[in-house]
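Novice:
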Amino acid sequence: MGQQALVDRIDARVLAGCVPAFAQENDKVIAAVNCAVVRPGPARNPLVMRFIDAKALKAWLAGLSAGLGPRGCAHGDSSSPWNHEGTATGTLVCKPGANGSYLAAWTFDDEDVAAVAEAGDRRTIWIWWKDNAYLLTP
Numbered sequence: 010m011g012q013q014a015l016v017d018r019i020d021a022r023v024l025a026g027c028v029p030a031f032a033q034e035n036d037k038v039i040a041a042v043n044c045a046v047v048r049p050g051p052a053r054n055p056l057v058m059r060f061i062d063a064k065a066l067k068a069w070l071a072g073l074s075a076g077l078g079p080r081g082c083a084h085g086d087s088s089s090p091w092n093h094e095g096t097a098t099g100t101l102v103c104k105p106g107a108n109g110s111y112l113a114a115w116t117f118d119d120e121d122v123a124a125v126a127e128a129g130d131r132r133t134i135w136i137w138w139k140d141n142a143y144l145l146t147p
């Protein structure tokens, strides 16, 4: 499944104007795109990636969430399950990002997809994430 197939699954009410993120692709990430946000929040265009399989997604997530507990992102650095409309969806990681930003990374386990968004502070990315997390269309 390539970049266009991934873009076709992204909800245009959440993210738009997706462009290839070739630098993020490798033997584990088979498609990656950066997309513009429809509603303000993230400081940079979020990254959406499709992994080759669940094992690759879990390995990426394990590296990203090393040392984090399940406090919940509203309370600080965290790695914990998230759900959409009561259905377990994946894992949400919140922690400091690059250059003083704060990031949210979340997975769609049944799709082998992950998204990463960064903002200037934890509150901004948390509020944006709560309203925009479910960015894949059925």
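Residue numbers (the working numbering): 10 to 147.
Ideal Cβ positions, reconstructed from N, Cα and C, are used throughout, including at glycine.
Looking at the strands, I want to know which residues DSSP matches up with residue 112.
Specialist: On the sequence shown, position 103 is the one that residue 112 refers to. BP columns for residue 112 point to 104, 127.
Novice: Leaving out five residues on either side along the sequence, give the residues of the same chain with a beta carbon under 6 Å from the beta carbon of residue 104.
Specialist: Residue 104 sits at position 95 when you count from the first residue of the sequence shown. Answer for residue 104: 86, listed in chain order.
Novice: Distance, Cα to Cα, residue 142 vs residue 76?
Specialist: Position 133 of the sequence shown holds residue 142. Position 67 of the sequence shown holds residue 76. For residue 142 and residue 76, the distance between alpha carbons rounds to 23 Å.
Novice: Would you tell me roughly how many angstroms separate the C-alpha atoms of residue 58 and residue 73, rounded to the nearest one?
Specialist: Locating residue 58 in the sequence shown gives position 49, where the first residue counts as 1. Locating residue 73 in the sequence shown gives position 64, where the first residue counts as 1. Near 14 Å, if we compare the C-alpha coordinates of residue 73 and residue 58.
Novice: Go through its chain and collect everything with a Cβ distance to residue 140's Cβ below 6 Å, but skip five positions before and after it.
Specialist: One-based indexing of the sequence shown puts residue 140 at position 131. Taken in chain order, the list of residues that qualify is empty.
Novice: Restricting to Cα atoms, I'd like to know which of 22, 118, 44, 54 is closest to residue 92.
Specialist: Taking the first residue of the sequence shown as 1, we reach residue 92 at position 83. Residue 92 has its Cα closest to that of 118, out of 22, 118, 44, 54.
Novice: Per DSSP, residue 56 forms a beta bridge with which residues?
Specialist: Reading the sequence shown from its first residue, position 47 is the one you call residue 56. According to DSSP, residue 56 bridges with 43, 125.
Novice: Does DSSP put residue 19 in a helix, a strand or coil?
Specialist: Start at 1 with the first residue of the sequence shown, and residue 19 comes out as number 10. Residue 19: strand per DSSP, three-state reduction.
Novice: Answer yes if the stretch 126-139 comes into contact with the stretch 42-61, meaning at least three C-beta pairs across the two stretches below 8 Å, and no otherwise.
Specialist: Touching, yes.
Novice: Residues bridged to residue 30 by DSSP?
Specialist: Along the sequence shown, one-based indexing puts residue 30 at 21. According to DSSP, which records beta bridges pairwise, residue 30 is partnered with nothing at all.
Novice: Output yes or no for whether 8 Å exceeds the beta carbon distance between residue 60 and residue 20.
Specialist: Locating residue 60 in the sequence shown gives position 51, where the first residue counts as 1. Locating residue 20 in the sequence shown gives position 11, where the first residue counts as 1. No; because the gap between Cβ atoms is not below 8 Å, this pair is not in contact.
Novice: DSSP three-state label for residue 133, please.
Specialist: Here residue 133 refers to the residue found at position 124 when the sequence shown is read from its first residue. The answer is helix: DSSP assigns residue 133 an H, G or I state.
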